[in-house]
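Engineer:
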Amino acid sequence: MAVDLGFILVGDGGYPDPAAVVASCARRAIELEFVAGDKPEPMTFEIAGGGLIFLMLMPVPHPDVASMQQGPTSPPIEDMLAAKAHFVVSGLEIAGDVRAHDLLLANVMGAVIENTSAIAVMLGHGLVFHRAELYAEMAALGVETGELPPEIAVDITTARESETHMSFLTHGLARLDREELYITCAVTGKGALGFVFDMVRGLLADPPMNLPTGDTIGRTADEKIQIQRVPDPRGEGADVIKLAL
Numbered sequence: 000m001a002v003d004l005g006f007i008l009v010g011d012g013g014y015p016d017p018a019a020v021v022a023s024c025a026r027r028a029i030e031l032e033f034v035a036g037d038k039p040e041p042m043t044f045e046i047a048g049g050g051l052i053f054l055m056l057m058p059v060p061h062p063d064v065a066s067m068q069q070g071p072t073s074p075p076i077e078d079m080l081a082a083k084a085h086f087v088v089s090g091l092e093i094a095g096d097v098r099a100h101d102l103l104l105a106n107v108m109g110a111v112i113e114n115t116s117a118i119a120v121m122l123g124h125g126l127v128f129h130r131a132e133l134y135a136e137m138a139a140l141g142v143e144t145g146e147l148p149p150e151i152a153v154d155i156t157t158a159r160e161s162e163t164h165m166s167f168l169t170h171g172l173a174r175l176d177r178e179e180l181y182i183t184c185a186v187t188g189k190g191a192l193g194f195v196f197d198m199v200r201g202l203l204a205d206p207p208m209n210l211p212t213g214d215t216i217g218r219t220a221d222e223k224i225q226i227q228r229v230p231d232p233r234g235e236g237a238d239v240i241k242l243a244l
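Just so you know, we're using numbering that gives the first Met the number 0 here: the sequence shown kicks off at 0 and counts up by one.
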């Protein structure tokens with residue numbers, strides 16, 4: 000039985016008002032019903048049409064924050080380290096494919112964010128935490144389009160390549176049957192992150208963007224960025240698409 004997970008870092012302990020979570024979910028086109036059981040926790044909700052959501056408060060800091068990577072959408076590390084507690088959000092028997100699971104759970108977490116002192120959030124398969132307010136806003140946009148926006152659909156990490164260059168690496172496209180992206184650029188350049196998001200959006204489209212090895216792509220008519228396929232810079236997994244800006 001598949002279980003979908005998410006984590007929310009909060010500034011202090013305390014469960015949200017279940018009626019407020021239900022109302023926030025309703026604004027996100029998700030119909031939940033609070034289940035008042037014999038025990039106060041985990042807080043349990045039934046999803047209309049089938050499935051359950053469990054919200055469990057862990058009144059301690061998240062144990063892995065200090066060692067986790069950060070991405071362009073992560074809050075400052077000092078803010079995450081200051082989180083005194085965290086929620087574990089579990090989804091059981093959610094209908095649909097992987098993307099539908101991510102979209103629903105992301106918006107349930109968005110509803111929890113709106114009713115707690117949330118600092119950061121990530122889905123269970125993620126690599127980095129995202130700023131809570133940004134995540135909630137992006138998840139809501141996904142309700143309108145039926146897809147999570149690229150800013151939170153996959154994770155992105157950065158690395159220093161040299162004195163003058165840096166890179167962006169995606170994490171999660173392979174989970175969605177796409178190739179990961181490895182994009183390098185000058186440290187002093189502009190527009191690279193927006194380009195990364197545009198590329199993720201194109202790859203997640205149906206049908207996905209076609210990127211034959213050796214062809215070129217560009218942000219303008221004059222820009223010619225060669226499409227390469229190289230080993231994953233982490234030294235694991237399948238080859239990745241490399242674009243050197």
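Cβ coordinates follow ideal geometry from the N, Cα and C atoms, glycine included.
#1: For a minimum of 3 consecutive residues, which ranges assigned as the beta strand (DSSP E) are wholly contained in the stretch 142 to 207?
#2: Whose C-beta lies closer than 8 Å to the C-beta of V229 among residues of the same chain, with five residues either side of it excluded?
#3: With DSSP as the reference, label H129 as helix, strand or coil.
#4: Report the residue from A81, G109, P71, V21 whose alpha carbon sits nearest the alpha carbon of L126.
#5: What residue does the beta strand (DSSP E) around H85 start on, and which one ends it?
#6: Within its chain, find whatever has a CB closer than 6 Å to the CB of A47; leave out the 5 residues flanking it on each side and keep chain order.
#7: According to DSSP, what are the bridge partners of A139?
#8: Specify, as a first and last residue, the run of the alpha helix (DSSP H) that R26 falls within.
#9: Span of the beta strand (DSSP E) holding G5?
#10: With distances taken between CB atoms, is the gap from V20 to A84 smaller than 8 Å?
#11: Could you check which residue in R26, L203, F33, D221 has the C-alpha nearest to that of E113?
#12: Count the other CB atoms within 10 Å of the CB of V153; is the residue buried (16 or more) or exposed (fewer)?
#13: Our contact map puts V2 next to G90 with C-beta atoms below 8 Å; I'd like the distance itself, whole angstroms only.
#14: Just checking, does the stretch 143 to 151 make contact with the stretch 196 to 214 on the three C-beta pairs under 8 Å criterion?
#15: Would you kindly report the start and end of the unbroken alpha helix (DSSP H) that includes R228?
#16: When every heavy atom of the ligand ADP is checked, does at least one fall within less than 7 Å of the C-beta of P211?
#17: If you draw a straight line from the C-alpha of G109 to the C-alpha of A139, how long is it?
#18: Pull the bridge partners of T215 from the DSSP assignment, please.
#19: For D78, collect the residues of the same chain with a Cβ closer than 8 Å to its Cβ; drop the 5 residues on either side in sequence, then sort them by chain order.
Structural biologist: Short version:
#1: 154 to 159, 164 to 170, 180 to 185
#2: Y181, D238, V239, K241
#3: strand
#4: P71
#5: 84 to 91
#6: E30
#7: None, per the DSSP bridge assignment.
#8: 17 to 26
#9: 2 to 9
#10: no
#11: R26
#12: buried
#13: 7 Å
#14: yes
#15: Premise fails: R228 lies in the beta strand (DSSP E), 227 to 229, not in any alpha helix (DSSP H).
#16: Among the components of this structure there are no ligands whatsoever, and the ligand ADP is therefore not found.
#17: 8 Å
#18: Q225
#19: I118, A119
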